[in-house]
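Visitor: Under the working numbering, the first residue of the sequence shown is numbered 55, with each subsequent residue one higher.
Shown below is the structure under consideration.
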Amino acid sequence: MNIIEHNRADLDLKTTIRDFTRMLHPGHLAKEINFRRRSPISFWRILTWLICTQFLGRSLYRAQAAPDFTQRTARNVLNDGRINWQRLVCKVTQRVTAYLAPFIDSRRRLAFVLDDTLYPREYSTKTELLARVFDHDNHRYLRGFRALTLGWSDGDTFLPVDFALISSKDAKQRLGTPASSMDQRAISGQRLAQAQRQMNDVAVELLRQALVNGVKAHYVLFDSWFSSPKMFWALRQLGLDGLGMIKRSVKVYYVYRKRQYSAKGLYERLRHSKRHARKEYLYSAVVQAHIGNQEFPLRLVFVANRHQGNNYLVLATTQLALRPRQIIQMYGRRWQIEGYFQLAK
């Protein structure tokens with residue numbers, strides 16, 4: 055009976071994945087990601103087998119044998135540097151969001167979620183561009199990469215949109231072999247060059263690619279790692295409103311009532327004014343941020359830190375129409391990507 059039930063569950067999984075791939079119109083999608091067939095086996099036949107193997111909780115070594123191709127065929131596809139895997143994820147998300155659009159309330163605020171996580175490769179030695187990266191949880195350096203991920207959220211559903219593995223632009227921090235090719239005409243060369251750029255610049259590139267590939271959203275949610283006036287300004291150039299936590303740095307100043315304040319200085323200014331702290335948040339103020347000769351408004355919201363009663367967090371957004379409560383509620387969606395990281399790992 056156990057064998058019968060297992061086979062039935064396996065069959066149901068394959069049927070679900072097959073129906074999902076049909077919704078994506080795989081024939082057109084294979085051409086868009088630059089897949090070149092070398093055998094009579096289609097790209098989606100291989101990808102469906104890989105997805106089934108992953109959902110069954112098996113590695114390629116323990117995967118069920120496919121009837122019409124070998125594991126080597128699947129590995130050759132995964133190692134093909136000509137396939138644009140970033141565009142594949144973007145296109146799949148675009149088709150899924152288009153399918154979900156009739157079921158999403160038009161009043162919902164669609165948002166991108168941007169974050170990175172550690173991708174350790176402790177036992178690797180010759181992996182291309184392998185770098186020494188800092189683990190902020192354990193406060194030590196590890197071998198690996200930073201996995202930069204862009205997601206999409208409507209408040210209930212979270213979908214991955216794009217990704218990039220970030221090495222280090224400092225050659226001294228790179229432990230693996232050098233990049234095999236930096237030819238920008240090849241997709242593999244573009245990815246290798248991308249891995250050596252600054253993370254914030256790559257984040258803007260991922261957002262631009264998502265918009266070009268038809269993924270729609272109005273906001274970008276991020277934590278203090280990505281937050282800076284330069285980042286908010288870059289998002290405005292893409293037609294997006296940034297919403298994130300900013301650092302309480304004394305090196306970044308904002309103009310409030312014709313005087314310059316750091317985030318910490320502005321908090322002290324508001325605390326000693328006649329304003330009373332609200333129940334949901336402490337204070338809110340509209341300031342002017344600067345990047346070069348450009349000036350643009352930001353709404354700052356000071357929120358009490360639940361874990362430290364005498365501390366506070368600072369949220370900022372370029373969308374001044376949002377009320378402080380809405381800003382706090384929107385920023386809470388950013389936690390969805392943390393759950394995605396846990397599941398993906």
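Just so you know, even glycine gets a beta-carbon here, dropped at the ideal spot from N, CA and C.
Bear in mind the structure is a predicted one, so any value in this text is a computation, not a measurement.
Quick one: what's got a C-beta closer than 8 Å to G393's C-beta in the same chain, skipping five residues either side?
Guide: To locate residue 393, count along the sequence shown from 1; it is residue 339. Taken in chain order, the residues that qualify are F212.
Visitor: Within its chain, find whatever has a CB closer than 8 Å to the CB of K270; leave out the 5 residues flanking it on each side and keep chain order.
Guide: Locating residue 270 in the sequence shown gives position 216, counting from the first residue. Within the same chain, K270 has close Cβ partners T151, L164.
Visitor: If you run the structure through DSSP and keep just helix, strand and coil, what is T127?
Guide: As a working mapping, residue 127 is identified with position 73 in the sequence shown. Of the three classes helix, strand and coil, the one that applies to T127 here is helix, per DSSP.
Visitor: Tell me the residue span of the beta strand (DSSP E) that contains Q342.
Guide: The residue you call residue 342 lines up with position 288 of the sequence shown. From DSSP, the beta strand (DSSP E) with Q342 extends over 337-345.
Visitor: Would T371 and R353 be called neighbours here (beta carbons separated by less than 8 Å)?
Guide: In the sequence shown, the residue the question calls residue 371 occupies position 317. In the sequence shown, the residue the question calls residue 353 occupies position 299. Cβ atoms of T371 and R353: closer than 8 Å.
Visitor: Would you kindly work out how many angstroms separate the C-alpha atoms of I345 and G298, rounded to a whole number?
Guide: As a working note, residue 345 is residue 291 in the sequence shown. As a working note, residue 298 is residue 244 in the sequence shown. Taking the straight line joining both Cα atoms gives about 17 Å.
Visitor: Quick one: using the 10 Å Cβ neighbour count with 16 as the cut-off for buried, is V256 buried or exposed?
Guide: Counting from 1 along the sequence shown, the entry for residue 256 is found at position 202. Classification of V256: buried, given that the 10 Å Cβ count is 16 or more.
Visitor: Can you tell which of R162, R325, Y195, W389 has its C-alpha closest to the C-alpha of Y173?
Guide: Taking the first residue of the sequence shown as position 1, residue 173 is located at position 119. The shortest C-alpha separation from Y173 is found at Y195.
Visitor: State the Cα-Cα distance for the pair H190 and E259, rounded to the nearest angstrom.
Guide: Translated into the one-based positions of the sequence shown, residue 190 becomes position 136. Translated into the one-based positions of the sequence shown, residue 259 becomes position 205. Looking at the two C-alpha atoms, the distance is approximately 25 Å.
Visitor: Along the chain, where does the alpha helix (DSSP H) that runs through W98 open and close?
Guide: As a working note, residue 98 is residue 44 in the sequence shown. That run of the alpha helix (DSSP H) goes 97-109.
Visitor: Just the Cα atoms here: how many angstroms apart are A120 and W103?
Guide: Here the question's residue 120 lines up with position 66 in the sequence shown. Here the question's residue 103 lines up with position 49 in the sequence shown. Looking at the two C-alpha atoms, the distance is approximately 7 Å.
Visitor: Which same chain residues, not among the five before or five after T75, have their C-beta less than 8 Å away from its C-beta?
Guide: Here residue 75 refers to the residue found at position 21 when the sequence shown is read from its first residue. Closer than 8 Å at the Cβ level, and outside the excluded window around T75, lie W98, L101, T102.
Visitor: Are there 16 or more other CB atoms within 10 angstroms of the CB of V266, so buried, or fewer, so exposed?
Guide: For the purposes of this step, residue 266 is taken as residue 212 along the sequence shown, with counting starting at 1. Classification for V266: exposed.
Visitor: Beta-carbon separation of I300 and S316 under 8 Å?
Guide: Within the sequence shown, residue 300 is the residue found at index 246, counting from 1. Within the sequence shown, residue 316 is the residue found at index 262, counting from 1. No; because the gap between Cβ atoms is not below 8 Å, this pair is not in contact.
Visitor: I need the straight-line Cα distance from V167 to L154, nearest angstrom please.
Guide: For the purposes of this step, residue 167 is taken as residue 113 along the sequence shown, with counting starting at 1. For the purposes of this step, residue 154 is taken as residue 100 along the sequence shown, with counting starting at 1. Distance between the alpha carbons of V167 and L154 is about 18 Å.
Visitor: Among the residues of its own chain, which have a CB less than 6 Å from the CB of R325, if the five just before and after it don't count?
Guide: As a first step, residue 325 is located in the sequence shown; it is residue number 271 there, counting from the start. Correct list: empty, nothing qualifies.
Visitor: Considering Cα atoms alone, identify which of G111, L369, G205, Y273 is closest to L67.
Guide: Within the sequence shown, numbered from 1, the residue matching residue 67 stands at position 13. Minimum Cα distance to L67 is reached at G111.
Visitor: For a test of the three-state rule: what should DSSP assign to W287, helix, strand or coil?
Guide: Locating residue 287 in the sequence shown gives position 233, counting from the first residue. DSSP places W287 in helix when its eight states are reduced to three.
Visitor: Just the C-alpha distance for K145 and P214, rounded to the nearest angstrom, thanks.
Guide: Here residue 145 refers to the residue found at position 91 when the sequence shown is read from its first residue. Here residue 214 refers to the residue found at position 160 when the sequence shown is read from its first residue. If you take the alpha carbons of K145 and P214, they lie about 11 Å apart.
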